[in-house]
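Undergrad: Note that UniProt numbering has the sequence shown beginning at 1, numbered continuously upward.
All residues carry an ideal CB built from backbone N, CA and C; glycine is no exception.
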Amino acid sequence: MESEKPQNPSPMEPQEEGSNKISKKEAAKLERQRRRQEAAAAAAATAVSTVSIEESDPLSGNYGDVELNDLQSKAVTGRKWTEVGSVAPEMKDQVVLIRGRVQTIRPVGKKIAFVVVRERGFTVQCVLTVKPELVSSQMVKYATSLSKESIVDVEGVVTIPEKPITGATQQQVEVQISKLYGVNRAVPTLPINIEDAARSEVEIEQALEKGEQLVRVNQDTRLNFRILDMRTPANQGIFRIQCQVENIFRQFLLSEGFVGIHTPKLIGGSSEGGSAVFRLDYKGQPACLAQSPQLHKQMAICGDFGRVFEVGPVFRAEDSFTHRHLCEFTGLDVEMEIKEHYSEVMDVVDRLFVAMFDSLNEKCKKELEAIGRQYPFEPLKYLRKTLRLTFVEGIQMLKEAGVEVDPLGDLNTESERKLGQLVADKYGTEFYILHKYPQAVRPFYTMPCHDNPSYSNSFDVFIRGEEIISGAQRVHIPEFLEKRAGECGIDVKTISTYIDSFRYGAPPHGGFGVGLERVVMLFCALNNIRKTSLFPRDPQRIAP
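1) Is the CB-CB distance between G394 and L419 below 8 Å?
2) From the DSSP secondary-structure annotation, give me the bridge partner or partners of V76.
3) Does F357 come out as helix, strand or coil in the three-state DSSP assignment?
4) Between A234 and S501, what straight-line distance do the alpha-carbon atoms span, to the nearest angstrom?
5) What would DSSP say about Q473, mapped onto helix, strand or coil?
6) Decide if the stretch 529-540 is in contact with the stretch 493-507; the criterion is three or more beta carbon pairs, one per stretch, under 8 Å apart.
7) Find out if the Cβ-Cβ distance for the pair M346, F459 is shorter than 8 Å.
8) Contact check, L326 vs R79 under 8 Å by CB: the rounded distance?
9) Please name the residue in G510, M356, C488 and E367 whose C-alpha comes closest to that of residue 581.
10) Roughly how many whole angstroms lie between the Cα atoms of A276 and N527?
11) Excluding the 5 residues flanking I542 on each side, which residues of the same chain have their C-beta closer than 8 Å to its C-beta?
12) I'd like to confirm the pairing. Which residues does DSSP put opposite P107 in its beta bridges?
13) So Y142 is in the alpha helix (DSSP H); what residue range does that whole segment cover?
14) Applying the criterion that 16 or more other CB atoms from any shown protein chain within 10 Å of the CB defines a buried residue, is T144 buried or exposed?
15) Whole angstroms are fine: how far does the CA of V259 sit from the CA of G268?
16) Under 6 Å Cβ to Cβ from V113, same chain only, skipping five residues before and after it: list those, please.
17) What residues in its chain sit with their C-beta under 7 Å from that of V519, if we drop five residues either side in the sequence?
18) Per DSSP, which one or two residues make a beta bridge with D65?
19) Which word fits I529, buried or exposed, when buried means at least 16 other C-beta atoms lie within 10 angstroms of its C-beta?
20) Counting only runs of 3+ residues fully inside the stretch 230-292, write out the beta strand (DSSP E) ranges in chain order.
21) Smallest Cα separation from N62: which of E83, G121, A75 and P132?
22) Looking only at C-alpha atoms, which of Q294, D319 and H435 sits nearest to V311?
23) For the 8 Å Cβ check, are there 3 or more pairs between the stretch 169-184 and the stretch 197-217?
24) For L134, collect the residues of the same chain with a Cβ closer than 8 Å to its Cβ; drop the 5 residues on either side in sequence, then sort them by chain order.
25) What residues are listed by DSSP as bridge partners for E155?
26) Taking K436 as the reference, give the member of D319, E487, L411 and P161 with the closest Cα.
27) For E459, which residues does DSSP report across the bridge?
28) Out of Q172, D70 and E466, which has the shortest C-alpha to C-alpha gap to I160?
29) Can you pull the DSSP bridge partners for Q125?
30) If you follow the alpha helix (DSSP H) that L223 is part of, which residue opens it and which one closes it?
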């Protein structure tokens with residue numbers, strides 16, 4: 001039988017010098033370790049004791065984290081919820097139930113805590129004060145343990161503060177909390193803080209002048225953590241305005257007899273020619289993503305729909321690293337029969353966008369104010385009857401201002417901006433139409449002018465010196481289309497079904513296309529189209 005192994009000596013047991021003995025130095029080290037362990041155990045015991053006290057709090061039912069079981073659509077209670085943005089002085093003394101995110105928490109001692117709750121860009125200050133039979137000190141402690149951006153339910157009475165609450169959008173009211181429940185906790189440390197992401201450049205510069213340094217969140221960081229960036233008041237405003245632009249576009253055109261359609265985004269040839277297409281294999285056949293719904297919306301006119309529109313994705317494989325280009329954007333497209341003149345299409349543009357601007361200014365005041373606080377801008381100047389200039393007239397204005405432009409070429413970005421400035425100074429508008437562009441700079445399907453084939457029945461529309469719309473009368477005669485396609489280097493075989501659609505009788509027609517993101521960007525005078533794309537796709541970004 002094997003002899004029993006000697007036990008290890010206790011750290012505190014005195015040792016004789018020898019092979020199994022430890023030095024006084026090592027013993028002291030072990031003693032310190034033992035004391036630390038005892039201190040940690042005591043702290044843990046205290047924590048358990050504290051939890052037990054909180055669990056025994058007779059008011060514990062008024063606060064705490066909501067159990068998973070209660071979040072699994074357990075029951076319909078019929079409770080009435082109030083949106084944070086709707087909490088107003090006229091609701092004084094009413095009990096409200098709100099759900100939102102914890103924006104800030106500010107404890108004042110152990111008996112008071114201020115919690116600013118945010119919902120969709122609107123904020124309200126909620127006050128938690130220890131009161132017998134209603135709010136306990138443990139409840140205040142629970143509130144201060146919540147992390148920023150956690151989702152909470154708050155029930156309380158609306159009161160009127162002595163002074164306006166400068167740190168909230170709902171400045172004339174407070175909510176005196178009686179119940180507070182944590183619905184979902186955010187991680188303690190966020191990759192970006194909403195307060196930093198919502199800060200304007202003006203605030204940052206003013207702080208620098210005072211010798212202070214505030215955090216600036218750059219564009220790439222915002223897009224990397226877009227979920228958090230979306231929560232700023234400005235972004236809430238931007239994307240609600242974007243929604244309204246689409247809605248106004250759709251409703252206006254429906255009221256004018258247009259029909260909404262949906263065209264394919266997988267096509268066998270390039271819709272506008274050139275190399276800026278995303279090519280792919282389609283079951284063994286070469287294909288690409290549509291650069292526009294151009295060809296198919298024209299085919300819909302040939303199918304006797306008369307007037308059509310579409311809201312859908314557009315793909316451009318251009319390596320454009322600019323403030324106004326994306327590889328994928330949302331296109332707002334229109335096509336319609338023309339009775340006599342392509343000015344009929346420009347008439348629709350005129351009425352549509354004046355109605356759109358009027359509606360945004362009237363119905364989106366809160367959203368525009370939220371955007372303006374972070375990105376200050378002047379309201380867009382536009383006329384009741386939109387200004388129209390010919391391309392030749394525009395070139396003449398530039399020439400008189402000392403800017404030389406090829407009369408049969410296109411305008412570059414600098415020329416467009418300069419012309420926009422000249423038009424604003426002379427006519428008092430930042431929204432205008434420039435038409436009769438040179439034929440050489442327009443797509444193959446653009447109808448040439450009747451009196452000068454060097455120019456075309458086409459137009460562009462500008463906001464604040466940048467182009468947002470391109471439109472024209474289309475060529476509807478198949479033989480002429482084939483000729484134009486060949487001149488532009490397009491393989492006629494790849495668009496044979498498009499050309500064939502005009503062989504069965506096609507009415508004169510025209511239309512236009514506009515990028516949704518670009519309209520919002522320029523209406524709000526933002527400096528980058530990525531601000532108006534929810535999840536932008538450019539040559540360097542395909543996530544998140």
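TA: According to the data block:
1) Contact flag set, yes.
2) Answer by DSSP bridge pairing: none, since V76 is not bridged.
3) Helix, per DSSP.
4) 46 Å
5) strand
6) no
7) yes
8) Going by Cβ atoms, the distance from L326 to R79 rounds to 43 Å, so no, they are not a contact pair.
9) Outside the displayed span of the chain (1 to 544) sits residue 581, for which this structure offers no information.
10) 24 Å
11) none
12) A113
13) S137 to S145
14) With fewer than 16 other Cβ atoms within 10 Å, it is exposed.
15) Distance between G268 and V259, taken at the CA atoms: about 25 Å.
16) Contrary to the premise, residue 113 reads as Ala rather than Val in this sequence. If we look at A113 and ignore the five residues flanking it on each side, its Cβ neighbours are P107, L128, V140, A143 and T144.
17) V245 and I468
18) G182
19) buried
20) 279-282 and 285-289
21) P132
22) Q294
23) no
24) L59, N62 and S178
25) L97 and K179
26) L411
27) The question names Glu, yet the displayed sequence has Phe at residue 459. Note: F459 sits in a beta bridge opposite H435 and G471.
28) Q172
29) V116 and E174
30) For L223, the enclosing alpha helix (DSSP H) covers residues Q219 to N224.
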